[in-house]
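For reference, the structure discussed in these notes is given below.
Numbering (this note's numbering), first residue to last: 14 to 59.
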């Protein structure tokens, strides 16, 4: 279950990075990705 959650979050992170690539990828974007990544993991594990 944890493995699936991590994989799922990783995929979303990749998609998000692709989307923001066209806009200038700034530290803010990466911070958002990190936050959403952690949120998804928390939701799916607990």
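Just so it is clear, CB atoms sit at the ideal spot from N, CA and C, and this is done for glycine as well.
For clarity, every value in this text was computed on a predicted model and none was experimentally measured.
Among residues of its own chain, excluding the 5 on either side of residue i, which ones have a beta-carbon nearer than 8 Å to its beta-carbon?
| i | result |
| --- | --- |
| residue 25 | 49, 50 and 53 |
Alpha carbon to alpha carbon, what distance is there between residue j and residue i?
| i | j | result |
| --- | --- | --- |
| residue 46 | residue 19 | 14 Å |
| residue 16 | residue 44 | 23 Å |
Does the Cβ of residue i lie closer than 6 Å to at least one heavy atom of the ligand FMN?
| i | result |
| --- | --- |
| residue 56 | Among the ligands in the structure shown, none appear at all, so the ligand FMN cannot be discussed. |
With a threshold of 6 Å on Cβ separation, who are the neighbours of residue i within its own chain once the five nearest residues in sequence on each side are excluded?
| i | result |
| --- | --- |
| residue 57 | 18 |
| residue 22 | 50, 53 and 54 |
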